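Visitor: Sharing a structure with you now.
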Amino acid sequence: DAGITQSPRHKVTETGTPVTLRCHQTENHRYMYWYRQDPGHGLRLIHYSYGVKDTDKGEVSDGYSVSRSKTEDFLLTLESATSSQTSVYFCAIRAHGQNYGYTFGSGTRLTVV
Amino acid sequence: GESVGLHLPTLSVQEGDNSIINCAYSNSASDYFIWYKQESGKGPQFIIDIRSNMDKRQGQRVTVLLNKTVKHLSLQIAATQPGDSAVYFCAENIKAAGNKLTFGGGTRVLVKP
Numbered sequence: 022d023a024g025i026t027q028s029p030r031h032k033v034t035e036t037g038t039p040v041t042l043r044c045h046q047t048e049n050h051r052y053m054y055w056y057r058q059d060p061g062h063g064l065r066l067i068h069y070s071y072g073v074k075d076t077d078k079g080e081v082s083d084g085y086s087v088s089r090s091k092t093e094d095f096l097l098t099l100e101s102a103t104s105s106q107t108s109v110y111f112c113a114i115r116a117h118g119q120n121y122g123y124t125f126g127s128g129t130r131l132t133v134v
Numbered sequence: 047g048e049s050v051g052l053h054l055p056t057l058s059v060q061e062g063d064n065s066i067i068n069c070a071y072s073n074s075a076s077d078y079f080i081w082y083k084q085e086s087g088k089g090p091q092f093i094i095d096i097r098s099n100m101d102k103r104q105g106q107r108v109t110v111l112l113n114k115t116v117k118h119l120s121l122q123i124a125a126t127q128p129g130d131s132a133v134y135f136c137a138e139n140i141k142a143a144g145n146k147l148t149f150g151g152g153t154r155v156l157v158k159p
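Sequence lines, in order, name chains A and B.
Residue numbers for the first sequence, in my numbering: 22 to 134.
Residue numbers for the second sequence, in my numbering: 47 to 159.
What follows is the structure, encoded as structure tokens:
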């Protein structure tokens, strides 16, 4: 998706290891979000950010942390990955002052074995 | 908590026919609604939005209807094409809750040739 890039696109990791997913945007948008998508649950908000060093928890934040040291980057970290965190993770961005629609990245498929 | 939901998990439609995807929401404070389309392996893509002070909005081949009395949202796709096969999500925004989107579970649309 134009202006927003997620990396890696795919990752397999072992239970108990730390994992960091990266979301990078070139739109200079203020708001950034991390969602996970699982069958039967749709998209659920993990963490979000209103700006540099300004983050907050979403509905499924346990086991995850985030950091935003620059406007363009929003990192999602699984401190100690568990099998329940196997999912597809999406980052989204939104500009301040415009409509409330988000632009989503292409997603990261994470498998914890 | 309050959430957005969908009536039909899968909708099969003949190519050329019209499709109607329904969504129920429960939060009367929602002020903005969006429909997203998600194709396999991709992130959700914005289709059309509608503000709570409107009851209908039209785009190219798509129409969104909002009935606030019964808290119901629908997406109509005219002359459905094979490229319309995807999962469709509705989402609601609550400005008072910090403008975070809450997503429904999704409806898969299968277009039969």
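Glycine is no exception: its CB is placed at the ideal position from the N, C-alpha and C atoms.
Computed from a predicted structure; not experimentally measured.
Which residues in the same chain as A:Lys32 place their Cβ atom closer than 6 Å to its Cβ, once the five residues preceding and following it in sequence are excluded?
Guide: The residue given as residue 32 of chain A occupies position 11 in the first sequence. Result list for A:Lys32: Leu131, in chain order.
Visitor: Using a Cβ-Cβ cut-off of 8 Å, state whether A:Ser82 counts as contacting chain B.
Guide: As a position in the first sequence, residue 82 of chain A is number 61, starting the count at 1. Interface flag for A:Ser82 against chain B is unset, since no Cβ pair is found closer than 8 Å.
Visitor: Check whether chain A comes within 8 Å of B:Ile96, counting only Cβ atoms and requiring the distance to be less than that.
Guide: Counted from its first residue, the second sequence places residue 96 of chain B at position 50. Answer no: the Cβ-Cβ gap between B:Ile96 and chain A never drops below 8 Å.
Visitor: Could you please give me the residues that DSSP links to A:Ser31 through a beta bridge?
Guide: If you number the first sequence from 1, residue 31 of chain A lands on position 10. Rather than Ser, the amino acid found at residue 31 of chain A in this sequence is His. In the DSSP assignment, the residues bridged to A:His31 are A:Arg130.
Visitor: According to a CB-to-CB cut-off of less than 9 Å, which residues of the segment 78-91 of chain B neighbour chain C?
Guide: Although the question refers to chain C, the structure presented lacks it and instead comprises the protein chains A and B.
Visitor: From B:His53 to B:Ala70, what distance separates their C-alpha atoms?
Guide: Translated into the one-based positions of the second sequence, residue 53 of chain B becomes position 7. Translated into the one-based positions of the second sequence, residue 70 of chain B becomes position 24. For B:His53, the predicted structure reports a pLDDT of 44, less than 50, and the residue's modelled location is therefore unreliable. A value from the coordinates is still provided. Approximately 7 Å, taken between the alpha carbons.
Visitor: With a CB to CB cut of under 6 Å and the five nearest residues on each side skipped, what residues in its chain are close to B:Gly62?
Guide: Position 16 of the second sequence holds residue 62 of chain B. Non-local C-beta neighbours of B:Gly62 in its own chain, meaning closer than 6 Å and more than five positions away in sequence, comprise Ala125, ordered along the chain.
Visitor: Of the choices B:Asp95, B:Arg107, B:Thr109 and B:Gly129, whose alpha-carbon is the least far from that of B:Asn139?
Guide: The residue labelled residue 139 of chain B in the question sits at position 93 within the second sequence. The candidate whose alpha carbon is nearest that of B:Asn139 is B:Asp95.
Visitor: What do you reckon, are the CB atoms on B:Cys136 and B:Phe92 nearer than 8 Å?
Guide: As a position in the second sequence, residue 136 of chain B is number 90, starting the count at 1. As a position in the second sequence, residue 92 of chain B is number 46, starting the count at 1. Contact flag unset, no.
Visitor: Compare the Cα-Cα distances from A:Leu99 to each of A:Ile25, A:Ser28 and A:Val40 and report the closest residue.
Guide: Here residue 99 of chain A refers to the residue found at position 78 when the first sequence is read from its first residue. Ranking the options by Cα distance to A:Leu99, first place goes to A:Val40.
Visitor: Within a Cβ cutoff of 8 Å, which residues of the same chain sit near B:Lys146, ignoring the five residues on either side of it in sequence?
Guide: For the purposes of this step, residue 146 of chain B is taken as residue 100 along the second sequence, with counting starting at 1. Cβ neighbours of B:Lys146 beyond the five flanking positions: Asn139 and Ile140.
Visitor: With a threshold of 7 Å on Cβ separation, who are the neighbours of A:Asp22 within its own chain once the five nearest residues in sequence on each side are excluded?
Guide: Taking the first sequence and counting its residues from 1, one reaches residue 22 of chain A at position 1. Because A:Asp22 carries a pLDDT of 48, less than 50, the predicted location of this residue cannot be relied on, and the following value inherits that uncertainty. Counting only Cβ-Cβ distances below 7 Å, and skipping sequence neighbours, we find Thr124, Phe125, Gly126 and Ser127.
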